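For reference, the structure is listed below as structure tokens.
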């Protein structure tokens, strides 16, 4: 009887996860295309092929659904960055690889990127529950903290010039990558296509790599000894 009960619970849990994922995917598309205010729960339920009541059962409210999307985006982004922290790469190589991870995350998950990049910036979004907001802020702080610690590790290893402030360069790179990708949303002369965004970030990664490298971490040709690493997409379970 226990085996049967456990099997039933497992099937139920898998079904619950599948439904939750379908709702989140549908909501991500709807919020991205229509904006938060114009999206109706009926739009999401139809796209996810679930009853409206099922959405409220899983997320409590439209605000709760939006908050869950932001939280999912944060975790997904973290999984991409982890690919950049390859222990076989030097600290400076890991720092520069994070730029490629950021780009790959945007290319493969443009909707999730917008929830991550513009949460708290766009006006057409709801306030997030304080408890959930605190949890997500702590997660983002940990992500940024790991990146900053990697910059510091590269300084300590003599790969990055000692005059570089790890906090400032971390925030600058974060803002630069985010701002460049956001140019794809412009509707004026600053607009860049996806291909040009990728070219811009890859070119900038090389410039930053050479600019950060210390004298002792350069070869006889004067160029940095660090390699331009690219990341693989994280495996989904």
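Numbering (this note's numbering), first residue to last: 195 to 431. C-beta: ideal position from N, C-alpha, C; glycine also. The structure displayed is predicted, hence computed values, not measured ones.
The closest CA to that of residue 210, considering only 251, 246, 397, 387, is found on 251. Residue 284 places its beta carbon 8 Å or farther from that of residue 352. Within the same chain, Cβ atoms closer than 8 Å to the Cβ of residue 244 are found at 213, 216, 217, the five residues on either side in sequence being excluded. With distances taken between CA atoms, residue 424 lies nearest to 299 out of 237, 299, 376. By the neighbour-count criterion, in which a residue is buried when 16 or more other Cβ atoms sit within 10 angstroms of its Cβ, residue 342 is buried. With at least 16 other beta carbons inside 10 angstroms of its own, residue 256 counts as buried.
No Cβ-Cβ contact shorter than 8 Å links residue 422 with residue 301. Apart from sequence neighbours up to five positions away, the residues of its chain that approach residue 386 with a beta-carbon distance below 7 Å are 377, 378, 394, ordered along the chain.
Every alpha helix (DSSP H) stretch that sits fully inside the region 244-296 and reaches 4 residues is listed by chain position as 246-253, 256-278. Counting only unbroken stretches of 4 or more residues, the alpha helix (DSSP H) elements lying wholly within the region 344-416 are 360-376, 388-406, in sequence order. Close CB contacts of residue 259 within its chain, under the 6 Å cut and outside five residues either way in sequence, are with 221, 253 (chain order). Secondary structure note for residue 420: it is in no alpha helix (DSSP H), with a DSSP letter that is neither H nor E. Our two residues, residue 249 and residue 405, have alpha carbons roughly 49 Å apart in a direct line.
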